[in-house]
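Residue numbers (UniProt numbering): 1 to 302. What follows is a short report on a single structure.
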């Protein structure tokens, strides 16, 4: 796209800045929408992305999924098609020019509804693709997103207008060729939809042993096909995906419930505390107790 056709992003910065006076994640009066603010470059942050649209209004961020990295800034947007354990890091931010972004969550029913209403065709291929996609942010999508966030300035309009504006945003996202695979996740019977169901099972039953043969049977796929498509979408194997979900949940338990590391290990499905400690350190850089202490020293008020 010609750069001259891209509108200034100042209005989006102003609105997000208005509703985020402190660093952190801020829920809004629109349930599916939240804002993120950071006044400095961050350490890698581990989280699970829901199906969503992410736009950076100011600054830049990188997201790691498996071995791949996805960097986006005010000229681009990121879409997550399924629940994905990621590592995110703010790359550009300062107290004077903080990192400002938004995340709009959606579900597959909303996508399917838009596909059916617009009579959009879904190509047989690509049958699947990465669960994360970076695309250029064009004026039509930007205008729809700006109208949505500006509804926060007139709360009485949200209940009536927000659902229609979100529907338009999804329509604009689906028009982008790079997001063609997003349609596949909404279509029952597609490989992408079956993999999404496997992810839901791994996410909900992360503490249970889930052999790939069992998952493949539920997905009505061969084990080799499941492994292939799962890795194509997530950048990792089903076992690695489950491991990341387990370790992120263990870290949450250690931070919020003040339990012993061994108890957290058992709760998330590890039989050996020493095995848990090794894998925890491999992912977060320190053993559980030292990692939690570092987090509290660095981020909690004294």
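We treat Cβ as the ideally placed atom computed from N, Cα and C, and that holds for glycine.
>> Just to confirm the assignment, what range does the alpha helix (DSSP H) spanning residue 228 have?
In response: 223–234
>> In whole angstroms, give me the CA-to-CA distance for residue 160 and residue 54.
In response: 23 Å
> When DSSP labels each residue in this structure, what does residue 114 get in the three-state scheme?
Replying inline: helix
>> Could you give the first and the last residue of the continuous alpha helix (DSSP H) run that contains residue 156?
In response: Neither: residue 156 is in no alpha helix (DSSP H) and is coded neither H nor E.
> Comparing alpha-carbon positions, which option in 49, 211, 39 and 41 lies nearest residue 248?
Replying inline: 49
> Could you give the distance in angstroms between the alpha-carbon of residue 293 and the alpha-carbon of residue 43?
Replying inline: The straight-line gap from Cα to Cα measures roughly 15 Å.
> Using the beta-carbon count (16 or more within 10 Å), is residue 140 buried or exposed?
Replying inline: exposed
> Do three or more CB pairs link the region 105–114 to the region 167–176 at distances below 8 Å?
Replying inline: yes
> Sorted by chain position, which residues of the same chain lie with C-beta nearer than 8 Å to residue 126's C-beta, five sequence neighbours on each side aside?
Replying inline: With a pLDDT of only 48 at residue 126, under the threshold of 50, the placement of this residue in the model should not be trusted, and no figure is reported.
> Using the rule of at least 16 other Cβ atoms within 10 Å of the residue's Cβ for burial, across every protein chain shown, is residue 235 buried or exposed?
Replying inline: buried
> Nearest to residue 255 by CA position, among 291, 156 and 217, is which residue?
Replying inline: 291
>> Just to confirm my understanding: we take residue 13, look at its own chain, exclude 5 residues before and 5 after, and list those with CB closer than 8 Å. What are they?
In response: 57, 58 and 100
> Any idea what DSSP makes of residue 37, helix, strand or coil?
Replying inline: Residue state, collapsed to three classes: strand.
> Candidates 156, 117, 77 and 143: which alpha carbon is nearest residue 133's?
Replying inline: 77
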